[in-house]
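Visitor: One structure, as structure tokens, below. Some questions next.
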Amino acid sequence: MLKYVMGIDQSTQGTKVLLFDSEGKIAFQATKPHKQFINDKGWVEHNPEEIWNNIKILVRQITQENGITARDIVAIGVSNQRETSLAWNKTTGESIYPAIVWQCARGAAICDELETLGLKNLVKENTGLPLSPYFSAAKLAWIMRNVPEATKLSGEKNLCMGTVDSWLIHKMTSGKVFKTDYSNASRTQLFNIKTLKWDDKICSAFGILIDALPEVNFSDSFFGKTTFDGIFDVEVPVWAMLGDSHAALFGQGCHTAGLAKATYGTGSSIMLNTGENLIKTEQGIATTIAWGMNEKISYALEGNINYTGASISWLKDDLKLIESAAETEMLARQSNVADKSYFVPAFTGLGAPYYDNDATGVFAGITRVTGKNEMVRAVVDSIAYQIYDVINLMEKISREELRSLQVDGGPTRNAYLMQFQSDILNKPVEVPPIAELSAMGAAYCAGIAAGFYDKEKVFGGLSWEQYNPRMKADEREKLLRGWHEAIKKSMSRI
207 MLKYVMGIDQ STQGTKVLLF DSEGKIAFQA TKPHKQFIND KGWVEHNPEE
257 IWNNIKILVR QITQENGITA RDIVAIGVSN QRETSLAWNK TTGESIYPAI
307 VWQCARGAAI CDELETLGLK NLVKENTGLP LSPYFSAAKL AWIMRNVPEA
357 TKLSGEKNLC MGTVDSWLIH KMTSGKVFKT DYSNASRTQL FNIKTLKWDD
407 KICSAFGILI DALPEVNFSD SFFGKTTFDG IFDVEVPVWA MLGDSHAALF
457 GQGCHTAGLA KATYGTGSSI MLNTGENLIK TEQGIATTIA WGMNEKISYA
507 LEGNINYTGA SISWLKDDLK LIESAAETEM LARQSNVADK SYFVPAFTGL
557 GAPYYDNDAT GVFAGITRVT GKNEMVRAVV DSIAYQIYDV INLMEKISRE
607 ELRSLQVDGG PTRNAYLMQF QSDILNKPVE VPPIAELSAM GAAYCAGIAA
657 GFYDKEKVFG GLSWEQYNPR MKADEREKLL RGWHEAIKKS MSRI
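Residue numbers are given in the numbering used here: position 42 of the sequence shown equals residue 248, and the series is strictly consecutive.
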């Protein structure tokens, strides 16, 4: 009988369920989007119940359509959108408020309060993260301040708060398990990455009770068993939990210090593995936990960009300039080379390496030759420019020059973008054979933990397509100067 490992990737735009065969190849996959709720304040939310129901729909679909039973699945690995935060009733398992998405900056005033209290340096020192509404702490604090049910349940010791992974494992195990892993915990801004515990002082400052937070485990731990609310007739073990960017780092084979990857999703995460070396950073780059595996902690440097793939969605859904993301490659190639326009996608401020919550979006350098094609090209180019800025700062902090950059995510299918990324970085860019690196990383981690995969063998079968730089140095420098001028305009308070 054929056996499989299931990878579940619960991301910002939707959910993917994949089955990987005994050689680590994708055998079957299914995808389902969920609704994005955005109001006139720029608040971004998801319906947690919709996400859970979508997972069950996909699990039923992928197994029943392909004649697969629970007995054919040896393990499950889960990757998830990370800083997105939610709260629910521990007894009933029902969410008490929509999930506040990582893009949502409604917690900015709370972060300002903590900075006024002089806690900015403590937060950075203990959590490795710059004080920012991007992370979970301010979102959970907002729930505590604004959702009466949260205060009530907290007083009754019946409140669960966490990131999407802890919500999913609680639902998958019918309320029996309330856990997270080191990678997700390290992104909450409530976890001390040196002591490897929830930080008492920081949790208190944000108004979060540690009793309401999940137990933190190694990423390759046993996280319980699930039937997905009776879809399976026997329970299947969950053997891995990883934040999506960490799962992609693992899936890319960046298992040792000095290797880096960039995930192109709704936003982008650029991550450099630093091994057991916890490198302190200044403004612009975070120190985080890559994962906890084999009873060891691996650290990483990370820069998070708010809008990359989401900028393409903006072109399609809001401006109606394109009908699909696939069109952007052709339109970018057809743009007028004389056009020198730039786009800075600061829809809700700028993430790494600027971390300016007040920055606004900018189209700069527009002339009479700027039309639809040129605007699309500027939006695509903005992805590569932002990643360049993060990589450039990471190299300075780590004092290591990267040999190449591993990349993954849907936009890596755009050959124009990949070549431009290589040109701007002046480094090879390596694209894996599949785009679903987060699901693959979680599945591989689960399969290895379950003894189904041999790590060296399963990773030894991977290969990458390589893009090499072709741009002249003077052209690269000129383009980067123009980009940085556009960034200054975005951050201007005039």
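Quick reminder that beta carbons are idealized off the backbone N, C-alpha and C, glycines included.
Given the structure is predicted, the values throughout are model-derived calculations rather than measurements.
Pick from A463, I416, L335, P443: whose alpha carbon is nearest that of K400?
Guide: Of the listed residues, the one whose Cα sits closest to K400 is L335.
Visitor: Sorted by chain position, which residues of the same chain lie with C-beta nearer than 7 Å to K385's C-beta, five sequence neighbours on each side aside?
Guide: Excluding positions up to five away in sequence, the list reads S372, I375, P420, E421, N423, F429.
Visitor: Taking the C-alpha atoms as reference points, what is the distance between T554 and K663?
Guide: Rounded to the nearest angstrom, the two C-alpha atoms are 43 Å apart.
Visitor: Leaving out five residues on either side along the sequence, give the residues of the same chain with a beta carbon under 7 Å from the beta carbon of V207.
Guide: The amino acid at residue 207 is misidentified as Val; the sequence shows Met. Same-chain partners within the cutoff: D278.
Visitor: Looking at the secondary structure, which residues open and close the alpha helix (DSSP H) in which C366 lies?
Guide: Unbroken run through C366 is the beta strand (DSSP E), 365-369; no alpha helix (DSSP H).
Visitor: Helix, strand or coil for F626? Go by DSSP, reduced to three states.
Guide: Here F626 sits in helix by DSSP.
Visitor: Can you check which of these residues, E355, E331, G299, A293, is closest to K345 by C-alpha distance?
Guide: Comparing Cα-Cα distances from K345 to each of E355, E331, G299, A293, the minimum goes to A293.
Visitor: In terms of alpha-carbon separation, which member of Y505, A276, Y470 lies closest to S588?
Guide: The option with the nearest alpha carbon to S588 is Y470.
Visitor: Return the chain-ordered ranges of every alpha helix (DSSP H) run that is complete within the stretch 398-434 and spans a minimum of 4 residues.
Guide: DSSP runs (the alpha helix (DSSP H)) wholly in the stretch 398-434: 406-412.
Visitor: Are the Cβ atoms of I214 and A645 separated by less than 8 Å?
Guide: Against a cut-off of 8 Å, the Cβ pair of A645 and I214 comes out as a contact.
Visitor: Give the straight-line distance between the Cα atoms of I693 and R266, rounded to the nearest whole angstrom.
Guide: Answer to the nearest angstrom: the Cα atoms are 47 Å apart.
Visitor: What do you get for S342, buried or exposed, if any count of 16 or more other CB atoms within 10 angstroms of its CB means buried?
Guide: The residue is buried, with at least 16 neighbouring Cβ atoms inside 10 Å.
Visitor: Taking the continuous alpha helix (DSSP H) assigned at E636, which residues delimit it?
Guide: Careful: E636 lies outside any alpha helix (DSSP H), inside the beta strand (DSSP E) at 635-637.
Visitor: Where do the ends of the alpha helix (DSSP H) carrying G354 lie?
Guide: Contrary to the premise, residue 354 reads as Pro rather than Gly in this sequence. Looking at the DSSP string, the run of the alpha helix (DSSP H) that includes P354 is 354-361.
Visitor: Taking all protein chains shown into account, do 16 or more other C-beta atoms lie within 10 angstroms of the C-beta of F243, making it buried, or fewer, making it exposed?
Guide: Classification of F243: exposed, given that the 10 Å Cβ count is below 16.
Visitor: Roughly how many whole angstroms lie between the Cα atoms of Y561 and I491?
Guide: Rounded to whole angstroms, Y561 to I491 spans 9 Å at the Cα level.
Visitor: In this structure, does DSSP put K526 in helix, strand or coil?
Guide: K526: coil per DSSP, three-state reduction.
Visitor: By the DSSP assignment, the beta strand (DSSP E) with F549 in it spans what residues?
Guide: Looking at the DSSP string, the run of the beta strand (DSSP E) that includes F549 is 548-550.
Visitor: For a test of the three-state rule: what should DSSP assign to N295, helix, strand or coil?
Guide: Strand at N295.
Visitor: Rounded to whole angstroms, how far is the Cβ of I302 from the Cβ of T290, which I believe are closer than 8 Å?
Guide: Between T290 and I302 the Cβ distance is about 15 Å, and since that is not below 8 Å, they are no contact.
Visitor: Work out the CA separation of N260 and G653 for me, nearest whole Å.
Guide: Straight-line Cα distance between these residues: approximately 24 Å.
Visitor: Beta carbon of N674, beta carbon of S628: below 8 Å?
Guide: Taking 8 Å as the Cβ cut-off, N674 and S628 qualify as a contacting pair.
Visitor: Would you kindly report the start and end of the unbroken beta strand (DSSP E) that includes S474?
Guide: 474-481 is the extent of the beta strand (DSSP E) around S474.
Visitor: Could you please give the first and the last residue of the uninterrupted alpha helix (DSSP H) stretch that includes Q592?
Guide: Note, Q592: alpha helix (DSSP H), 578-604.
Visitor: Are the CB atoms of S541 and E580 within a distance shorter than 8 Å?
Guide: Yes, they are a contact pair.
Visitor: Could you check if G273 is buried or exposed, using at least 16 other CB atoms within 10 Å of its CB as the buried criterion?
Guide: Looking at its Cβ environment, which holds fewer than 16 other Cβ atoms inside 10 Å, G273 is exposed.
Visitor: Could you tell me whether the Cβ atoms of V585 and L521 are closer together than 8 Å?
Guide: Going by C-beta atoms, V585 is nearer than 8 Å to L521.
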